[in-house]
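Have a look at the structure below before the remarks.
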Amino acid sequence: MAVVAVANPKGGVGKSTLSTNVAGYLARRGERVVLGDVDRQQSSRLWLSQRPEAARSIGLWKTSADDFERPPADAVHAVLDTPAGLHGKLFKEVLKVADKVIVPLQASVFDIFATQAFLAELAQHKHASGVQVGIVGMRVDGRTLSSGQLAEFIEGLRLPVLGYLRDTQNYVHLAAHGLSLFDVTPGRVSRDLEQWAGICRWIDE
Numbered sequence: 001m002a003v004v005a006v007a008n009p010k011g012g013v014g015k016s017t018l019s020t021n022v023a024g025y026l027a028r029r030g031e032r033v034v035l036g037d038v039d040r041q042q043s044s045r046l047w048l049s050q051r052p053e054a055a056r057s058i059g060l061w062k063t064s065a066d067d068f069e070r071p072p073a074d075a076v077h078a079v080l081d082t083p084a085g086l087h088g089k090l091f092k093e094v095l096k097v098a099d100k101v102i103v104p105l106q107a108s109v110f111d112i113f114a115t116q117a118f119l120a121e122l123a124q125h126k127h128a129s130g131v132q133v134g135i136v137g138m139r140v141d142g143r144t145l146s147s148g149q150l151a152e153f154i155e156g157l158r159l160p161v162l163g164y165l166r167d168t169q170n171y172v173h174l175a176a177h178g179l180s181l182f183d184v185t186p187g188r189v190s191r192d193l194e195q196w197a198g199i200c201r202w203i204d205e
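Residue numbers (UniProt numbering): 1 to 205.
Below is the structure:
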């Protein structure tokens with residue numbers, strides 16, 4: 001089983017957006033995928049409850065921050081949405097089960113500073129456990145100064161940059177119906193699928 005966790009101690013950076021779309025991508029293969037949510041807001045779990053029966057099946061990984069459980073043994077792929085402020089025991093539990101961790105970052109000085117200590121701690125565990133870590137720039141407008149600051153910060157991390165995702169209502173509209181980019185006709189979201197190419201390749205490695 002391959003487990004992908006999406007983590008950043010900062011709230012509102014797009015963890016649930018990434019988690020649900022990663023699950024949607026993996027579900028395209030027709031293999032058993034489960035989605036877990038240990039964030040108290042339960043956004044990914046709500047998304048899953050809205051998913052139409054006609055969409056590719058994604059199961060629920062029943063777990064919580066207070067009672068963390070490993071994913072079901074019969075799952076081929078598992079995706080985990082994590083809370084803001086991830087630290088301590090839960091942080092260690094997540095890293096025990098994760099094969100890969102995706103860290104979403106926004107082009108904001110405050111978000112960058114809030115994530116520095118987390119990435120340093122993650123790097124320590126990365127060397128100890130062998131977990132793979134990748135960075136995704138979220139809601140990025142390449143024309144802004146802040147996007148340049150984000151790119152400069154990421155370059156200094158010596159971690160793979162999986163891609164930069166634009167700020168678009170496509171994610172919002174699809175999420176309202178329990179869908180991902182990978183559940184609709186590619187022509188509707190072609191620009192966004194192009195931005196996901198690097199993320200998908202990394203997940204498949």
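Glycine included, each C-beta is placed from N, C-alpha and C at the ideal position.
- Within the same chain, V189, D192 come within 6 Å of N170 by CB-CB distance, once the 5 residues on both sides are set aside.
- Under the three-state reduction of DSSP, L95 is assigned to helix.
- Between F153 and P9 a beta carbon distance of about 16 Å is seen, past the 8 Å cut, so the two are scored as non-contacting.
- Counting C-beta pairs closer than 8 Å gives fewer than three between the segment 29 to 45 and the segment 153 to 164, which falls short of the contact rule.
- Distance from the Cα of R51 is smallest, within the candidate group A107, A7, V184, for V184.
- When C-alpha distances from L162 are compared across A175, R28, R201, the shortest belongs to R201.
- For G24, the closest C-alpha among the options F113, G134, R56, Q195 is that of R56.
- Per the C-alpha coordinates, the member of L181, L95, H177 positioned closest to A2 is L95.
- Burial of S180 is indicated by the presence of at least 16 other C-beta atoms within 10 angstroms of its C-beta.
- Taking a contact as a CB-CB distance under 8 Å, the pair L165 and I135 does not count as one, their CB atoms being some 12 Å apart.
- In the structure shown, V161 falls within a strand segment according to DSSP collapsed to helix, strand and coil.
- Per DSSP, reduced to three states, the secondary structure at H77 is strand.
- Bridge partners of G137 according to DSSP: L105, Y164.
- Setting aside the 5 residues that flank it on each side, V133 is surrounded in the same chain by V101, V103, L122, K126, L159, each with a C-beta closer than 7 Å to its C-beta; the list follows chain order.
- Contact between S16 and D81 holds: CB atoms are separated by about 5 Å, below the 8 Å threshold.
- In this structure, DSSP gives V38 a state outside helix and strand, which the three-state scheme calls coil.
- Cβ-Cβ distances below 6 Å link D99 to A2, V3 in the same chain, with the five nearest sequence neighbours on each side left out; the list follows chain order.
- Counting along the chain, no alpha helix (DSSP H) covers A84, and no H or E run does either.
- The closest CA to that of A78, considering only V13, L90, Q116, V6, is found on V6.
- Distance from the Cα of S49 is smallest, within the candidate group H87, S108, T20, V97, for T20.
- Cβ neighbours of E93 within its own chain (closer than 6 Å, five residues either side excluded): F68.
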